[in-house]
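Worksheet: one structure, shown below.
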Amino acid sequence: MESVGIFHAKTHLSELVERARKGEVIEITRHGKPVARLTASPPTPRKSAAEVDQVLAEIKRIRESPANHLTQDFVVQAIREAREARG
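In terms of this note's numbering, the sequence shown opens at residue 756 and continues consecutively.
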């Protein structure tokens, strides 16, 4: 693990992020003392095309249901809130 000072990290952040993305762990120090570590984020799980199609079909079914009068704005807001809740 390489250690770099905070000023160096600030001036070379793009390079350090790329190295971390490739698997390196970089320790950031202030006055010679470790204060942070730069590491790669875990991969974001992706939905398969079949899963996306299933969700879209369910949304379409709900929207077309005569018993349910959801507006487009309501659906869009619900999707945004669900995405925000996932992080």
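Every residue, glycine too, gets a C-beta built ideally from N, C-alpha and C.
Between E845 and R792, which are expected to be in contact by the criterion C-beta below 8 Å, what is the C-beta distance as a whole number of angstroms?
This structure cannot speak to residue 845, because the chain is shown only from 756 to 842.
V831: which of R841, I814, V780 sits nearest, CA to CA?
Stepping through the sequence shown from its first residue, residue 831 is reached at position 76. With distances taken between Cα atoms, V831 lies closest to I814.
Which stretch, first to last residue, makes up the alpha helix (DSSP H) that contains K765?
Translated into the one-based positions of the sequence shown, residue 765 becomes position 10. From DSSP, the alpha helix (DSSP H) with K765 extends over 761–766.
When the distance is taken between beta carbons, is T794 closer than 7 Å to S758?
Position 3 of the sequence shown holds residue 758. Position 39 of the sequence shown holds residue 794. Between S758 and T794, the C-beta spacing is not below 7 Å.
Out of G778, G760, S820, A804, point me to the one whose CA is closest to P798's CA.
For the purposes of this step, residue 798 is taken as the residue at position 43 of the sequence shown. Per the Cα distances, G778.
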